[in-house]
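Structure first, commentary second.
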Amino acid sequence: MAYRGVFYLGVYVNAWEGPKTYSLKQLKLNPKDFNARIADVALKLQKHGYDAYIVGGSIRDLLLRDGVVPKDFDIVTSALPQQIKKCFSRSRIIGKRFRIVHVPVGREVVEVCTFRGATPWLSWCFSDRYRNNIYGSIEQDVWRRDFSCNALYYDVKNANVVDFTGGVQDIKNKKLAVIGTCKARFKDDPVRMLRALRFLAKTNFRMDSSCQEEIKRQRRWLRQVSKDRLLLELTKLFNQGHAYASFKALVDYDYLGTLFSGYERLGIKIENYQQLFKSVFHAIDLKYQRNQRLSSSFLFAALLWPIFDTHANKLNKKTTYSVKKVIYRVLKFESRYVAIPGKLQEAIRDLWMLQFLLETKEKPFSEDRYRQPRFQVGYELFCLRAKHNEVLAEKAIMWQSQFESANTNHLSGQTDE
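Right, here's the structure in full:
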C-alpha cells in the first residue's frame, strides 16, 4: 500500500510503500556489532511478550562504517513505562518532556522508551508534555522521528533490521532525508535543525536544497526551545570531533547570531575572528582525537569572545572593575536563549579576566596560581589568540617561562619530599 503526498497517522508522508526487512548478512553486519548487554534488555522485553527493538543512530553509525564505535544504543518497545519498570527491578522512570525508563546494566544505563503515537489533530490544545507522551505502535513511532537514517529498527530475536522510510538506501546514497515535510518536522522540534547541521558537519552527506533553505529560514524557532536543551545540543555539536566544521555550519546558516544575539546586535564580522576560531576548534578536535575532556568553559569563552571583545574595546579605559562589569553584562544578556549555568558563568568570567591580566600584568603570579587547572585553560586560550597577534605573542613567551618555572619548582619540591 503506497501513500504519496497524504497525511498518514498524523504526519505528512511524501511516499510510503510499507517497511523493508534486511537480514544482518544483507547489511554486512554481525550480532556481535551490537552491545550484548543492551541486546539482552531487548530480548527480556520480548520474552515478557512485548515488541522491542534497538533503534536510531547506533544502527546508522554501524552502516556508515566510518570506524566510529556506536555508543548510544537505545531501545523502543510496545511496553508502557510502568510495564518496563516491572520487567527490570532496578530501573527508574525519568523525564518530563519525554517519559524514559533508565535500566541499569552493569556500569551502563540503557534508555528504554515506549513507541510514540501520532499527535492528535487537536494537539494544539495540549501542552508539549502531553503531546510528547502519547503512546502508539511502531508504525506510528517511525513517523515521529526526524531523519530516515535514524528510523531503523533492529529486531534482536530475529536478527534483522526493519526499515520503514528508505533509511538504508539513503545511507548508501549519503543523503540526509527528513521524514515527512521539513517544515512540519522542524516545527515539531526545532532542535532537529541543529542536529541536521551536526550530522552534515560530521559526514559528507547531502541534503535537499529545500530543506537547507527551511533550516535557514526557520532558525528563530530555536529561541522557543528550552535553554537547557540548547546548551546540551551545542555542547554535543562541538564535542564529537568536528568542531570547526560545526562552527562553519552555524555561520553559514546564520545560527550564531540566532543563539547569541550579540553577534547580530553588534554587527560583528566573523572574518575578523576567523583565524582565532580556526585555531580554537582545531584544538578542540585534537582533544577529542586524544580522548581528552573538553572544557565547557573553554568552548563558551571562545565562542562568545568576539562579543566580549567588542564591548571591552569600547571602554575608554580598561580597569579590573570596568572589564568585570562588561563580563557580567555580556554573560547575562547572552544567556537569554542558551542556558549558561552559574558555575559555567563563573568559569568563563575567570578565563576572560585572565586574558585581561595576561595582557596587562607585569609582575608574576604566585606559583600556586600557575598550577590551577583554570589558569592552564585560560593560558591555552591566550596562546591561541597570540598565534595571530605579535604583541600578544611576546606576552605569551614571557608568561610561558614563568609557567614552566613554576611547574619545575613544584616537581622539584615533590622530589625533595
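In terms of our numbering, the sequence shown opens at residue 928 and continues consecutively.
Don't be surprised by glycine CBs; every beta carbon is placed ideally from N, CA and C.
Item, Value
"Opposite I1106 in the DSSP bridges: which residues?", "DSSP, once it has assigned bridges, lists no residue as partnering I1106."
"Quick one: what does DSSP say F979 is sitting in, helix, strand or coil?", "It should be pointed out that residue 979 corresponds to Ala in this sequence rather than to Phe. Strand, per DSSP."
"What does DSSP give as the partner residue(s) for T1354 in the beta ladder?", "Given a span of 928 to 1344 for the chain in the structure shown, any question on residue 1354 remains unanswerable."
"Distance, Cα to Cα, K947 vs D1277?", "55 Å"
"For a test of the three-state rule: what should DSSP assign to D1082, helix, strand or coil?", "strand"
"Kindly indicate which residue of D1115, V1088, M1120 and A1111 has the alpha-carbon position closest to the one of L1103.", "M1120"
"With DSSP collapsed to three states, give me the class of Y1180.", "coil"
"Span of the alpha helix (DSSP H) holding H1209?", "Q1201 to Q1216"
"Let me check one thing: in DSSP terms, what residues is F1074 bridge-paired to?", "V1105"
"Roughly how many whole angstroms lie between the Cα atoms of S1173 and K1290?", "39 Å"
"Could you have a look at V1152 and say whether DSSP puts it in helix, strand or coil?", "coil"
"T1041 by DSSP, collapsed to three states: which one?", "strand"
"Quick one: what does DSSP say I1368 is sitting in, helix, strand or coil?", "Since the first residue of the chain shown is 928 and the last is 1344, residue 1368 is not available in this structure."
"Enumerate in chain order the residues of its own chain whose CB-to-CB distance from N1077 is below 7 Å, with the five nearest sequence positions on each side excluded.", "G983, G984 and R987"
"My guess is that A1347 and V1257 are in contact by the Cβ rule of under 8 Å, so how many angstroms apart are they, rounded?", "Lying outside 928 to 1344, the shown extent of the chain, residue 1347 is not represented and no answer is given."
"Spatial neighbours of K1099 within its chain, please: C-beta separation below 7 Å, excluding the five flanking residues on both sides.", "none"
"From the DSSP output, read off the bridge partner residues of P1031.", "V1036"
"Near S1224, which residues of its chain fall below 7 Å by C-beta distance, leaving aside the five closest residues on each side in sequence?", "L1271, A1274, I1275, L1278 and V1304"
"Can you round the beta-carbon distance between F1113 and Q1145 to whole angstroms, since I take them to be within the 8 Å contact cut?", "6 Å"
"Output yes or no for whether 7 Å exceeds the beta carbon distance between V968 and V1030.", "yes"
"Below 8 Å on the Cβ atoms is my guess for R1026 versus P997; work out the distance and round it to an integer in Å.", "Their Cβ separation, rounded to whole angstroms, is 24 Å, which puts R1026 and P997 out of contact at 8 Å."
"Using only the alpha-carbon positions, how far apart do G1107 and A966 sit?", "30 Å"
"Pull up the distance between the alpha-carbon of R1122 and that of L1164, whole angstroms please.", "8 Å"
"Anyone know if the C-beta pair for I1234 and G1189 falls short of 7 Å?", "yes"
"By the three-class DSSP mapping on this structure, what secondary structure does R1019 have?", "strand"
"Excluding five sequence neighbours on each side, which residues of the same chain lie with their C-beta closer than 7 Å to the C-beta of L889?", "Outside the displayed span of the chain (928 to 1344) sits residue 889, for which this structure offers no information."
"Over what stretch of residues does the alpha helix (DSSP H) that includes V1304 continue unbroken?", "P1300 to A1313"
"Which residue comes first and which comes last in the alpha helix (DSSP H) that contains T1004?", "Where T1004 is concerned, there is no enclosing alpha helix (DSSP H), although the beta strand (DSSP E) it sits in stretches over D1001 to T1004."
"Given a cut-off of 7 Å, decide if Y980 and A1006 are closer than it, judged by their beta-carbon atoms.", "no"
"How many Å lie between F1187 and A1320 at the Cα?", "29 Å"
"Round the Cβ separation of Y1080 and I1142 to the nearest angstrom and send it over; I've been treating them as touching at under 8 Å.", "Wrong, their Cβ atoms sit about 26 Å apart, outside the cutoff."
"Do N962 and F1015 come within 7 Å of each other at the CB atom, strictly closer than that value?", "no"
"Among all the DSSP beta bridges, which residues are the ones paired with R1133?", "K1102"
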